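To start, the structure itself, in structure tokens.
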Amino acid sequence: EPEVTQTPSHQVTQMGQEVILRCVPISNHLYFYWYRQILGQKVEFLVSFYNNEISEKSEIFDDQFSVERPDGSNFTLKIRSTKLEDSAMYFCASNSDRAYEKLFFGSGTQLSVL
Amino acid sequence: GIQVEQSPPDLILQEGANSTLRCNFSDSVNNLQWFHQNPWGQLINLFYIPSGTKQNGRLSATTVATERYSLLYISSSQTTDSGVYFCAVNTGNQFYFGTGTSLTVIP
Chain A
121 EPEVTQTPSH QVTQMGQEVI LRCVPISNHL YFYWYRQILG QKVEFLVSFY NNEISEKSEI
181 FDDQFSVERP DGSNFTLKIR STKLEDSAMY FCASNSDRAY EKLFFGSGTQ LSVL
Chain B
54 GIQVEQSPPD LILQEGANST LRCNFSDSVN NLQWFHQNPW GQLINLFYIP SGTKQNGRLS
114 ATTVATERYS LLYISSSQTT DSGVYFCAVN TGNQFYFGTG TSLTVIP
């Protein structure tokens with residue numbers, strides 16, 4: 121079965137550094153998402169992306185965050201200047217031709233900000 | 054935004070027991086999915102169920118959209134069923150996740 125792939129699986133960074141998390145959504149999917157999960161808490165929506173632009177974003181997704189689809193396969197999340205509270209598991213997800221269709225998640229990137 | 058509440062928050066079962074997990078949501082939704090987050094953190098799709106009932110082996114799910122709830126049934130539980138179960142509802146361009154039920158199945 122096709123799957124969403126994320127790299128790296130773990131990322132450790134110093135506070136104030138920039139990080140880029142990478143995702144390869146399922147190839148025929150059109151909607152892409154980033155979610156995050158702070159340890160022990162629920163999964164929170166960050167941003168959705170369709171047709172090369174952001175379609176919706178949450179309050180968490182402030183100016184420190186940006187997303188990009190630099191080519192036909194990759195989908196990236198950039199955090200410009202990381203804070204301690206950015207430490208979390210970041211999940212990429214995608215679905216097909218409607219935003220309400222079945223959502224497929226990658227295995228996540230565990231980000232630790234020191 | 055929409056509120057998604059799950060109950061119970063925690064559940065401990067003896068292997069072989071059955072259980073029912075509940076998801077309540079506060080507004081009309083386009084769709085609903087159930088996920089299992091395994092001990093390694095992976096989110097696994099269980100059901101995509103906007104309404105009605107579906108079954109997959111020992112698991113089944115029922116969504117009553119008009120009454121704004123969904124139920125996940127686990128029968129003959131196994132230790133591999135342990136983890137956190139989330140429901141997620143769609144209201145447009147995103148899925149909102151519930152608070153989760155943490156399930157521990159003991160041998």
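Residue numbers (the numbering used here), protein chains in the order written: chain A, 121 to 234; chain B, 54 to 160.
Where a beta carbon is used, it is the ideal one built from N, C-alpha and C, also for glycine.
In this text, all values refer to a predicted model and were calculated from it rather than measured experimentally.
- Of all the residues that make up the stretch 133 to 152 of chain A, which are near chain B by a beta-carbon distance shorter than 9 angstroms? Y151
### Query
Quick one: does the C-beta of B:V117 sit closer than 7 angstroms to a heavy atom of the ligand ATP?
As for the ligand ATP, it is missing from this structure, which has no ligand bound.
message = Does the structure place the stretch 127 to 135 of chain A close enough to the stretch 115 to 135 of chain B that three or more beta carbon pairs sit under 8 angstroms?
response = no
* Could you run through the stretch 88 to 102 of chain B and flag, in chain order, every residue whose CB is less than 7 angstroms away from some CB of chain A? => G94, Q95, L96, N98 and Y101
Q.
Less than 8 angstroms between CB atoms is the rule here; does A:F165 satisfy it with respect to chain B?
A. yes
Handout entry: Enclosing beta strand (DSSP E) for A:A213 [first to last residue]
Key = A208 to N215
| query | Can you find a CB in chain B that lies within less than 8 angstroms of the CB of A:F195? | reply | no
Query raised in the report: Under three-state DSSP, which class holds B:D80?
Result: coil
Taking the CB atoms as reference points, tell me whether A:Q126 and A:G192 lie closer together than 8 angstroms. no
With 8 angstroms as the limit, tell me which residues of the stretch 132 to 158 of chain B have their beta carbon closer than that to any beta carbon of chain A; keep them in chain order. F139, A141, N143, G145, N146, Q147, F148, Y149, F150, G151, T152 and G153
Notebook entry, point to check: Of the residues A:L231, A:F211 and A:Q230, which one's Cα is nearest the Cα of A:F224?
Noted result: A:F211
- Query: Can you name, in chain order, every residue of its own chain whose Cβ lies under 6 angstroms from the Cβ of A:L145, other than the five neighbours on each side?
  - Reply: The sequence as given places Pro at residue 145 of chain A; Leu does not occur at that position. Hits under 6 angstroms: V124, F152, F195 and S214.
Closer than 8 angstroms, CB to CB, is B:Q86 near chain A or not?
-> yes
ask   = Among the residues of its own chain, which have a CB less than 7 angstroms from the CB of B:G69, if the five just before and after it don't count?
value = S129 and S130
- Task: Please work out which residues of its chain come closer than 7 angstroms, Cβ to Cβ, to A:P128, disregarding the five sequence neighbours upstream and downstream, and give them in chain order.
- Result: T229
Between A:E176 and B:Q147, how many whole angstroms is the CB-CB distance? I'm expecting something under 8 angstroms.
6 angstroms
Q. Can A:S232 and A:S207 be called in contact, C-beta distance under 8 angstroms?
A. yes
Contacting residues, own chain, Cβ-Cβ under 8 angstroms from A:V139 (five flanking each side not counted): Q131, T133, K198, I199, T202 and L231
Are at least three pairs of beta-carbons, each pair with one atom in the stretch 130 to 143 of chain B and one in the stretch 73 to 91 of chain B, less than 8 angstroms apart?
yes
**Beta-carbon spacing of A:L166, A:I180 below 8 angstroms** = yes
Can you find a CB in chain B that lies within less than 8 angstroms of the CB of A:F224? yes
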